[in-house]
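Residue numbers (the numbering used here): 20 to 582. Don't be surprised by glycine CBs; every beta carbon is placed ideally from N, CA and C. Encoded as structure tokens, the structure appears first; notes follow it.
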Amino acid sequence: MEQSIGYIVGGGLREGFKVRLTVPAHEVQEGSFVVCDSGRWRFFGLVTNLQLGATDPRFADEQSDRLAPAVRSALLGRTLFTTLEVYATLMLDLGPEDDSEFLDWQERVEKGLEQSGPKPVKTVPSHHSPVRLADEGDVAEIFGKAGKGMLALGETIEQGHPVRIDLGKLVKRSSGIFGATGTGKSFLTRIVLAGMMKEDVAGALVFDMHNEYAYDDLDSDNDITVLGLKSLFGSKVQVAGLGAGARVRGNSPDFTLEIGYKDFTSEDLALLASALKLTDVASVVLSGLIRAFGSDWLKEYMALTPGLTEENDKGKMVPAPGSVEYWAREQNINEIAARTLHGRLQQLTDRPYVVEKPAGDAVAAIVNQLENGRHVILSFGEHDNDLDYLLVSNILTRRIRNQWVEMTDAAKTNRTPNPKPIVIAIEEAHKLLSPHLASQTAFGTIARELRKYFVTLLVVDQRPSGIDDEIMSQLGTRITGWLGDEDDIRAVLTGLAGRDQLRGMLARLQEKQEVLLLGWGVKMPIPIKSRRYDEEFYAEMKGNAKAKKLDSIDDINDLLGLG
20 MEQSIGYIVG
30 GGLREGFKVR
40 LTVPAHEVQE
50 GSFVVCDSGR
60 WRFFGLVTNL
70 QLGATDPRFA
80 DEQSDRLAPA
90 VRSALLGRTL
100 FTTLEVYATL
110 MLDLGPEDDS
120 EFLDWQERVE
130 KGLEQSGPKP
140 VKTVPSHHSP
150 VRLADEGDVA
160 EIFGKAGKGM
170 LALGETIEQG
180 HPVRIDLGKL
190 VKRSSGIFGA
200 TGTGKSFLTR
210 IVLAGMMKED
220 VAGALVFDMH
230 NEYAYDDLDS
240 DNDITVLGLK
250 SLFGSKVQVA
260 GLGAGARVRG
270 NSPDFTLEIG
280 YKDFTSEDLA
290 LLASALKLTD
300 VASVVLSGLI
310 RAFGSDWLKE
320 YMALTPGLTE
330 ENDKGKMVPA
340 PGSVEYWARE
350 QNINEIAART
360 LHGRLQQLTD
370 RPYVVEKPAG
380 DAVAAIVNQL
390 ENGRHVILSF
400 GEHDNDLDYL
410 LVSNILTRRI
420 RNQWVEMTDA
430 AKTNRTPNPK
440 PIVIAIEEAH
450 KLLSPHLASQ
460 TAFGTIAREL
470 RKYFVTLLVV
480 DQRPSGIDDE
490 IMSQLGTRIT
500 GWLGDEDDIR
510 AVLTGLAGRD
520 QLRGMLARLQ
530 EKQEVLLLGW
540 GVKMPIPIKS
550 RRYDEEFYAE
560 MKGNAKAKKL
570 DSIDDINDLL
580 GLG
């Protein structure tokens with residue numbers, strides 16, 4: 020057990036506890052995980068502030084280095100002191116101090132008649148109760164021990180004790196990874212995704228906009244090659260590319276996806292309104308197209324020719340049959356608006372992966388992989404602009420969610436097993452979950468549904484303030500690095516208790532490696548030093564895995580090193 024660092028001198032439930040420090044101030048930092056035992060209760064909390072104090076201001080003003088060492092030491096220990104402010108988060112019942120009462124209490128706990136685990140703080144410790152830094156056992160009590168479904172995400176900043184996260188709980192609700200550019204979000208996301216894949220807590224579908232996760236990449240800060248998830252897990256991770264003949268970082272993907280004209284809905288175009296520069300009038304044209312052509316609206320519309328004319332009986336040039344303008348006149352729709360929309364939609368149909376008749380069903384291909392215990396990384400290759408990302412991610416997510424809704428409803432009706440949970444990872448999330456888009460996208464629907472249909476999100480973003488507040492409040496677990504903007508800090512703390520105490524802690528994280536772990540997925544918030552994505556991590560992901568059944572030629576090739 021750690022040595023005492025001070026004792027309780029005041030405080031309360033709202034403002035937190037005040038602790039008189041008995042060790043040099045530099046031995047304790049903001050964010051330190053501390054423990055206080057008082058009677059039958061053990062309190063857990065975080066240091067949120069350190070303040071210098073003096074029993075008499077004259078002693079504080081006096082230069083102590085002019086005094087004799089013995090006098091200076093006495094002053095620093097008694098008249099000059101440091102007070103900690105501690106944000107108490109949890110309390111644990113240790114049981115009665117009387118031996119016979121303790122045995123009775125223990126029996127009730129074993130029978131489930133009494134709760135024994137950590138619970139929210141409802142009382143305060145007594146004056147002069149000792150306070151100490153948390154030891155490894157305390158950290159394990161709150162954040163779990165090594166075992167199935169647990170991932171060591173990092174360690175406590177001062178003592179270096181491992182801090183774990185329960186991946187099974189993490190995937191039950193949508194979660195988020197945040198941090199300013201350059202704070203290591205991509206490496207942290209790799210670590211979380213790798214943990215999910217190793218422990219097989221859910222299927223992962225990753226929309227890899229910048230081609231960072233599948234194949235090996237270069238860590239520009241340290242000039243070393245880091246392994247991609249495909250290298251770590253072989254055929255368990257399937258890489259998809261966009262369009263026939265797609266390449267990703269010079270590699271051939273495992274399969275390719277194409278989007279058919281029939282996959283587009285008016286809701287998809289509403290999401291793309293800004294990227295395509297669509298006006299409000301475009302929605303009127305779209306409604307007319309769907310009325311006229313049904314699900315074939317895009318195919319039929321793009322078959323029309325803008326500006327095609329013919330001479331009428333009076334010798335006047337008028338729109339000819341088969342032209343955009345002729346169709347618009349028949350539907351009583353503004354011709355200029357119809358022609359403009361046709362030109363805008365040309366940007367979509369010119370994409371090499373958008374075709375009239377896809378070679379295969381993109382959603383069926385992904386669902387098949389996810390249902391068979393594999394994970395899918397959709398790398399965008401050379402199609403890495405906003406329009407491609409918004410288009411592909413929303414259409415595929417909408418259809419996959421619909422598939423999971425159908426499977427969940429069928430399972431309830433037929434009393435069969437529920438579908439395998441899946442986590443959809445999205446980068447640049449503010450582009451898909453902004454306040455004016457969140458209600459229109461499948462992503463916003465998924466975030467609000469929690470885990471109703473076994474589909475959740477892993478949101479990765481450097482600008483959380485750009486995400487709708489309601490969506491942010493639905494994120495269960497939040498892992499955040501340093502954020503320099505006050506609005507981003509406010510957004511990350513949306514809907515959480517203790518926001519005022521955590522705000523300063525978040526603002527003062529080191530820009531690299533330090534992250535704040537908080538939210539529903541952890542019992543209490545804590546700043547940690549995140550683990551490195553390195554050889555030690557690779558070994559952990561590759562090792563200690565149970566032998567798996569060789570279901571395919573891909574699995575056999577992996578085993579022989581030929582994959």
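- Looking at the DSSP output, S51 sits in no beta bridge, so it has no partner there.
- About 19 Å separates the beta carbons of E555 and I176, which is beyond the 8 Å limit, so they are not a contact pair.
- If you draw a straight line from the Cα of G538 to the Cα of A263, it comes to about 42 Å.
- The alpha-carbon separation between E155 and F162 amounts to approximately 10 Å.
- Here K335 is exposed. Its C-beta has fewer than 16 other C-beta atoms within 10 Å.
- By the CB criterion at 8 Å, Y234 and R268 fall inside the cutoff.
- Residue pairing by DSSP puts Y26 in a beta bridge opposite R39, P149.
- Secondary structure of D332 (DSSP, three-state): coil.
- Out of L65, I441, P272, the CA that lies nearest to the CA of L397 is found in P272.
- When DSSP states are grouped into helix, strand and coil, F121 belongs to the helix group.
- The segment 413–424 makes contact with the segment 458–474; the number of CB pairs closer than 8 Å reaches 3 or more.
- In this chain, the beta strand (DSSP E) harbouring M110 covers 99–112.
- If you look at G538, you'll find it isn't in any alpha helix (DSSP H); it sits in the beta strand (DSSP E) that goes 533–538.
- In the DSSP assignment, H394 falls outside any alpha helix (DSSP H) and lies within the beta strand (DSSP E) extending over 394–398.
- Counting the other CB atoms within 10 Å of its CB gives K431 a total below 16, which places it among the exposed residues.
- DSSP places G187 within a helical segment (H, G or I) once states are collapsed to three.
- Secondary-structure assignment with DSSP links W60 through a beta bridge to S57, D112.
- The continuous beta strand (DSSP E) containing F197 extends over residues 194–197.
- In the DSSP assignment, L451 falls outside any beta strand (DSSP E) and carries neither an H nor an E.
- According to the DSSP secondary-structure assignment, T244 is paired through a beta bridge with L237.
- DSSP places M228 in the coil class of the three-state scheme, outside both helix and strand.
- For L261, the enclosing beta strand (DSSP E) has its first and last residue at 256–261.
- Excluding five sequence positions before and after D112, the CB atoms of its chain that fall closer than 7 Å to its own CB belong to R59, W60, S135, given in chain order.
- A Cβ-Cβ distance of about 3 Å is found for the pair G540 and T496, placing them in contact under the 8 Å criterion.
- Counting the other Cβ atoms within 10 Å of the Cβ of N433 gives fewer than 16, which makes it exposed.
- Look at V541 here: in three-state DSSP terms it is coil, with no helix or strand label.
- Under the DSSP definition of a beta bridge, K471 lacks any partner.
- Taking S57 as the centre and dropping the five residues before and after it, the same chain places the C-beta of P144, S145, S148 closer than 7 Å to its C-beta, in chain order.
- DSSP places F283 in the coil class of the three-state scheme, outside both helix and strand.
- Assigned with DSSP and collapsed to three states, T368 falls in helix.
- Remark: fewer than three beta-carbon pairs, one from each stretch, lie closer than 8 Å, so the segment 501–517 and the segment 214–229 are not flagged as touching.
- Its Cα nearest to that of E390, the residue V256 stands out among V256, V304, A107, S306.
- Counted as a single uninterrupted DSSP element, the alpha helix (DSSP H) harbouring E155 occupies residues 155–162.
- The C-alpha of E277 lies about 26 Å from the C-alpha of R209.
- Judged by DSSP in its simplified three-state form, S314 adopts helix.
- In this structure, the straight-line span from the alpha carbon of N437 to that of I355 is close to 50 Å.
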